[in-house]
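*Asks:* Pasting a structure here, questions to come.
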Amino acid sequence: MGHRDALLEGAKQCLTEKGYARTTARDIVAASGANLASIGYHYGSKEALLNEALIQANAEWGEALEKSMVYDADATAPPHEQFEAIWTKVIELFSGHRRLWAANFEAFTQIEHSPEIREALASGLQEARFGMGESLLARLAEGHDERAVRAVGSFFQALLTGVMAQWLIDPESAPTGQDLSYALLAITAGLREKEMSE
10 MGHRDALLEG
20 AKQCLTEKGY
30 ARTTARDIVA
40 ASGANLASIG
50 YHYGSKEALL
60 NEALIQANAE
70 WGEALEKSMV
80 YDADATAPPH
90 EQFEAIWTKV
100 IELFSGHRRL
110 WAANFEAFTQ
120 IEHSPEIREA
130 LASGLQEARF
140 GMGESLLARL
150 AEGHDERAVR
160 AVGSFFQALL
170 TGVMAQWLID
180 PESAPTGQDL
190 SYALLAITAG
200 LREKEMSE
């Protein structure tokens, strides 16, 4: 493994061990076995390296999430049961990546001061919206337009961020997949009832 890849792996390790804000260039060097000058040579700055590491770690988590959406939920089950199964798996995935999500929230606090972080996170968010929207819609219905993919992906991302925050703060009281499915059923039933009464 070359210095560039070693630095990236070291930065990912530091993100999970120390978090985004507390990781120093020396921490990354110690974790990677590379030298301090190689950070500037390969990435330009510690922040650029950490951003790349965060994007890559999130992409790896996203791949695990997509696999769970594609393979773990029973495609013949009713849609609300598929939704519950998917969210149960998502919440299970949180436990193995808790420190990664804490690092994400640390990075969120930096976006007002760093256009690079904002740009990196926005790019990952856009990709996640479409990936999750397509995966979820492919399970539930045939044929969907780009607007539906974006809307469903945005909804899923909003749920993901909110559930993640609750899970980080108070995992014992955070919603389960069953809670989220029940809430969605209650909302849609309420909307249908309102439409029929008008």
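Counting from 1, position 159 in the sequence shown corresponds to residue 168 in my numbering; the numbering is continuous, with no gaps. Heads up, the beta-carbon is just placed ideally off N, CA and C, and yes, glycines get one too. Source: prediction; values computed, not measured.
#1: Going along the chain, which residues of its own chain have a beta-carbon closer than 7 Å to the beta-carbon of Ala15, five neighbours each way excluded?
#2: Enumerate in chain order the residues of its own chain whose CB-to-CB distance from Gln166 is below 7 Å, with the five nearest sequence positions on each side excluded.
#3: If we count Cβ pairs, one from each stretch, closer than 8 Å, do we get three or more for the segment 181-197 versus the segment 117-125?
#4: Phe103: which of Trp176, Gly19, Ser182 sits nearest, CA to CA?
#5: I think Val99 touches Leu169, with their Cβ atoms under 8 Å apart; what is that distance to the nearest whole Å?
#6: Throw me the rounded Cβ distance for the Thr25 and Leu130 pair, which I believe falls under 8 Å.
#7: Which residues bound the alpha helix (DSSP H) around Ser47?
#8: For Ala62, which residues from the same chain have a beta carbon less than 7 Å from its beta carbon, with the 5 sequence-adjacent residues on both sides left out?
#9: What is the DSSP secondary structure of Met205, counted as helix, strand or coil?
#10: Looking at the unbroken alpha helix (DSSP H) that takes in Ala167, where does it start and where does it end?
#11: Would you mind stating whether His51 and Arg107 have Cβ atoms separated by less than 7 Å?
#12: Please report the straight-line C-alpha distance between Ala160 and Gly28, rounded to a whole angstrom.
#13: Which same chain residues, not among the five before or five after Ile126, have their C-beta less than 8 Å away from its C-beta?
#14: If we call anything under 7 Å between Cβ atoms a contact, is Trp96 one with Gly186?
*Replies:* For this structure:
#1: Residue mapping note: residue 15 aligns to position 6 of the sequence shown, counting from 1. For Ala15, where only same-chain residues beyond five positions count, the Cβ hits under 7 Å are Ser41, Gly42, Ala43.
#2: By 1-based counting over the sequence shown, the position of residue 166 is 157. Here the set comprises Leu134, Ala137, Arg138, Met141.
#3: no
#4: If you number the sequence shown from 1, residue 103 lands on position 94. Selected option, being the one with the closest Cα: Trp176.
#5: The residue given as residue 99 occupies position 90 in the sequence shown. The residue given as residue 169 occupies position 160 in the sequence shown. Their Cβ separation, rounded to whole angstroms, is 7 Å, which keeps Val99 and Leu169 in contact under 8 Å.
#6: Position 16 of the sequence shown, counted from the start, is the residue given in the question as residue 25. Position 121 of the sequence shown, counted from the start, is the residue given in the question as residue 130. Going by Cβ atoms, the distance from Thr25 to Leu130 rounds to 18 Å, so no, they are not a contact pair.
#7: On the sequence shown, residue 47 is found 38 positions in, with the first residue counted as 1. Judged by DSSP secondary structure, Ser47 falls within the alpha helix (DSSP H) whose first and last residues are 45-52.
#8: On the sequence shown, position 53 is the one that residue 62 refers to. If we look at Ala62 and ignore the five residues flanking it on each side, its Cβ neighbours are Leu17, Ala20, Lys21, Leu24.
#9: Counting from 1 along the sequence shown, the entry for residue 205 is found at position 196. Met205 falls in the helix class under three-state DSSP.
#10: Counted from its first residue, the sequence shown places residue 167 at position 158. Run containing Ala167: 155-178, per the alpha helix (DSSP H) assignment.
#11: For the purposes of this step, residue 51 is taken as the residue at position 42 of the sequence shown. For the purposes of this step, residue 107 is taken as the residue at position 98 of the sequence shown. Cβ atoms of His51 and Arg107: not closer than 7 Å.
#12: Here the question's residue 160 lines up with position 151 in the sequence shown. Here the question's residue 28 lines up with position 19 in the sequence shown. One C-alpha to the other measures close to 31 Å.
#13: Locating residue 126 in the sequence shown gives position 117, counting from the first residue. Once the five neighbours on either side are set aside, the close Cβ partners of Ile126 are Glu56, Asn60, Ala116, Gln119, Ile120.
#14: Here residue 96 corresponds to residue number 87 of the sequence shown, with the count starting at 1. Here residue 186 corresponds to residue number 177 of the sequence shown, with the count starting at 1. Yes, the pair counts as a contact, with Cβ atoms nearer than the cut-off.
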